[in-house]
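J.:
Okay, structure coming up:
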């Protein structure tokens, strides 16, 4: 008899545990271990004065603190496929009306001497103070 009671008790605990998981609903999540993508930003040609900057979606990165050597010095950026990164001449990922002080770059290697601007290709070399990336 004790064996039957023990079996029923374990079954009840298992059912209650499953019910608790079901009630958790949207708060139950699976943690992904995917690393953040990195943008390679350089003060010279690729491989010269470069640093890999980890980016997360829609987070502004200012060239201050440990990145201050990049402020108004960026000449090349290598952007992973699947990202669009906007580089700004101001801190805080801010732009003047008209967007003439920013450039939007998608996946690839870009020389800032000739990048797509608001109306035509522009020389954005040594102008960047911040950038932000979003998935495309």
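Residue numbers (mature numbering (1 follows the signal peptide of the UniProt record, and there is no 0)): -24 to -1, 1 to 112.
Glycine residues also receive a C-beta, built at the ideal position from the N, C-alpha and C atoms.
1. Tell me whether residue 34 is buried or exposed, calling it buried when 16 or more other Cβ atoms sit within 10 Å of its Cβ.
2. Please specify which runs of the alpha helix (DSSP H), each continuous and at least 4 residues long, are wholly inside the region 12 to 61, giving them in chain order.
3. Closest to residue 38 by CA distance: which of 65, 19, 26 and 25 is it?
4. For residue -3, collect the residues of the same chain with a Cβ closer than 8 Å to its Cβ; drop the 5 residues on either side in sequence, then sort them by chain order.
5. Between the C-alpha atoms of residue 104 and residue 25, what's the straight-line distance to the nearest angstrom?
6. Can you tell me whether residue 41 sits near the ligand SAM, meaning its C-beta is under 8 Å from at least one heavy atom of the ligand?
7. Determine the DSSP secondary structure at residue 68, reduced to helix, strand or coil.
8. Can you check DSSP and say which residues form a bridge with residue 87?
9. Check this for me: beta carbons of residue 15 and residue 59, under 9 Å apart or not?
10. Could you tell me which residues DSSP puts in a beta bridge with residue 105?
11. Can you tell me whether residue 97 is helix, strand or coil according to DSSP?
T.: Taking the definition as stated:
1. So residue 34 ends up on the exposed side.
2. None, since the region 12 to 61 contains no complete alpha helix (DSSP H) of that length.
3. If we check each option's Cα against that of residue 38, 65 comes out closest.
4. Residue placement at residue -3 is poorly supported in this model, since its pLDDT is 37, which falls under 50; the coordinates are not used for a value here.
5. Each residue's Cα considered, the two are about 15 Å apart.
6. In the structure on display, the ligand SAM does not appear, and there are no ligands present to speak of.
7. Reduced to three states, the DSSP call for residue 68 is helix.
8. Answer is 52.
9. Yes, they are a contact pair.
10. Residue 105 is not bridged to any residue.
11. In the three-state scheme derived from DSSP, where H, G and I count as helix and E and B as strand, residue 97 is classed as strand.
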